[in-house]
Every structure is written in structure tokens, then in C-alpha cells.
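To keep things clear, I will list the structure first and then write my remarks on it.
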Amino acid sequence: MRIDCKHVWQHISAYIENDVDPQLRAEIDRHLETCEICSAVLDSTRNVVILMADDRVFELPAGYSERLHARIDRELEKPHGWNPDD
Amino acid sequence: MTAPNPEFEADCIRRILAGEKHLFHDLIRPCERSIYFLLFSLLKNETEAEDVAQETVIKVYQNLDKFRGESQFRTWVLSIARNEGLGRLRKISNRREDSLEADTDEQTGDYTPAILTSWREIPAEALEQKELGNLLRKAIEGLPEIYRNVVLLRDIEEIDIRETAAVLKISEASVKVRLHRARALLQRDLAPQLKGFASAKRRWFGGRA
Chain A
1 MRIDCKHVWQ
11 HISAYIENDV
21 DPQLRAEIDR
31 HLETCEICSA
41 VLDSTRNVVI
51 LMADDRVFEL
61 PAGYSERLHA
71 RIDRELEKPH
81 GWNPDD
Chain B
1001 MTAPNPEFEA
1011 DCIRRILAGE
1021 KHLFHDLIRP
1031 CERSIYFLLF
1041 SLLKNETEAE
1051 DVAQETVIKV
1061 YQNLDKFRGE
1071 SQFRTWVLSI
1081 ARNEGLGRLR
1091 KISNRREDSL
1101 EADTDEQTGD
1111 YTPAILTSWR
1121 EIPAEALEQK
1131 ELGNLLRKAI
1141 EGLPEIYRNV
1151 VLLRDIEEID
1161 IRETAAVLKI
1171 SEASVKVRLH
1181 RARALLQRDL
1191 APQLKGFASA
1201 KRRWFGGRA
């Protein structure tokens, strides 16, 4: 079976996740060998996914962790009884 | 993201409940980044996200004896964060039309990506340029809520599909569909804008145009 570009686009995310069955994967790979548009779509999508995972894209606000742990400290000072039988 | 360590967590929880309360700091630390960004993706406001993150963590502490170990600790924590965030959202709004369940998985999956004939990879070092991070953040923040959550958990915090589904209380199939659409929207939006960063780097650091 020959698959077309639209078909490849539908599976790009699963392809990146390595979540397509081997037969479909082989068909997509065959299509990619000759289709520079789909290759570029795949590469750009994968590149975006990789960049998003970089911690520099989303940085915590300065002092977030310190303020969070200071808040925890205030809570820990309170007497707290968990119910051991709960 | 720090990988969860169930043995460490179970031991920590047991000891905290037995009185070593200070260990709670170590227990929650690996989750604190994900808590914040999950809430930020819901609330789209730094102050609100941080405030609800603190409430979430206190709630986790107060309910620690209720954690049964049936899910991963982080899944449990992020579910609490999401509930707290939804509660806050209800309080502050006038919910936006695009939010929550307004958008469903039943829409047709067809889309046309940004058509390119070649793609030169943008290396992670390009993130040293603030502009690139800004573009990525703006694109993600512009996604409809149901896609933003999934991208946040799966692609930004790198939590697997199963756990993402558990936190959002949707099926794994829905996570996959939403992830696919989100990535497609991001590619369409970003690819034309990002192309410049590959060549810009060469020009700036390589000394040649």
C-alpha cells in the first residue's frame, strides 16, 4: 500500500512517540525517503517537541521554591495529627 | 523533571507520618516544578499559579495519610493540583469560552501543517536567545486549554502518556489525539517563525553569513 502525505501527517505525533505498528512505520519511512515535504514536517515537529522539553523555555519564577518551602515550614510547625487508622 | 522514585517516596511518607515531618520538603521537591506549570497552564497567571501551588502542597501534606500508593505519588499530587486549579478558576471567572470541555476530541483530525521543503535543525543552544523561548511560550500559551494541558505534562514535563491520562482523568487515547493536534498546531504556528534561528546561530557564532 502506498500512503500519501495526509496519511503521514495524521501519524506524525505517534511516529515521534514510537507508537505506530511496524508495518505502518515501514510505510511512513518509505514515504519519507522520497518526500521532502513530509520529511521537513516531521523534522520540524520533532524539533519543536525537543525544544519545548528544554528547561530554559519554561523557567520557574525567581524565588518560587524558596517561598514554597518557607510556606511548608510554617505548616510543619503546626501540630498535625494524621489518623493512623485512616 | 526528576524521575519518580517509588521506594524513596514510600519510605519518606512512612517516616513523615511517624513524625519526621521535615522530610516532606524532600518528598515534594521533585514535583514542585510540574505542579507550578500545570497550574500555570490552567490559570495563565504567575501569581495565581504560585498561590495555588502553595495551597496544593499544603493540601498534599495534610492528606498524606490518604495516599494509598495505588497511583504514583506524583500522579496523586498533580491530580490534587489540577483540582485546586479548577476550583480557583471557577472562583475567578466567568470562564473563558475556550476553556476546559468546550473543545472536544470529536472534531475532525484533519489539518494542514506548515509546508516546508527543508528543515535545518534548531539546536537547543539557540534557546540562549530569549526571543526563541518567547516564541515557544507564546505558541504554547495560545493553545486551547485541553491541548495546552497535555503538551505541558507530556512534552514540557516529559510525563508519560499513561500518567498524563491519569492526572487529567481522560483516556490514553484522548491524550494521544490531543497531543497530536497540539503538536500539529505548534508546528504550523512555529515552523515558519523558527526557521530563522538555525541560520541566525551560524551567522552569529560562526562568523559567516
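Keeping their order, the protein sequence lines are chains A and B.
Start counting the first sequence at 1; every next residue gets the next number (this note's numbering).
Start counting the second sequence at 1001; every next residue gets the next number (this note's numbering).
From the three backbone atoms N, C-alpha and C, an ideal C-beta is built for every residue, glycine too.
Check, Outcome
"Distance, Ile12 (chain A) Cα to Ser39 (chain A) Cα", "10 angstroms"
"Cutoff 8 angstroms; reference Val1052 (chain B); Cβ partners in own chain excluding five residues on either side", "Leu1039, Leu1043, Ala1081, Glu1084, Gly1085 and Arg1088"
"Beta carbon of Trp1027 (chain B) nearer than 7 angstroms to that of Asp1065 (chain B)", "According to the sequence displayed, residue 1027 (chain B) carries Leu and not Trp. No; because the gap between Cβ atoms is not below 7 angstroms, this pair is not in contact."
"Neighbour list for Phe1024 (chain B) in chain A, Cβ cutoff strictly below 7 angstroms", "Ile72 and Leu76"
"CB contact below 7 angstroms: Thr34 (chain A) versus chain B", "no"
"Option in A:Ala62, A:Glu27 and A:Lys78 with minimal Cα separation from Gln1062 (chain B)", "A:Lys78"
"Proximal chain A residues relative to Tyr1061 (chain B), where beta-carbon distance stays under 9 angstroms", "Ile72, Glu75, Leu76 and His80"
"Closer than 7 angstroms to chain A by CB, Lys1021 (chain B)", "yes"
"Spatially closest choice to Ile28 (chain A) from A:Thr45, A:Gln10 and A:His69, by CA coordinates", "A:Gln10"
"CB contact check: Tyr1036 (chain B) to chain A, cutoff 7 angstroms", "yes"
"Within-7 angstroms CB hit, Pro22 (chain A) to chain B", "no"
"Chain A contact residues for Asp1011 (chain B), given Cβ-Cβ distances below 8 angstroms", "Within 8 angstroms Cβ-Cβ: nothing; Asp1011 (chain B) doesn't reach chain A, min ~16 angstroms."
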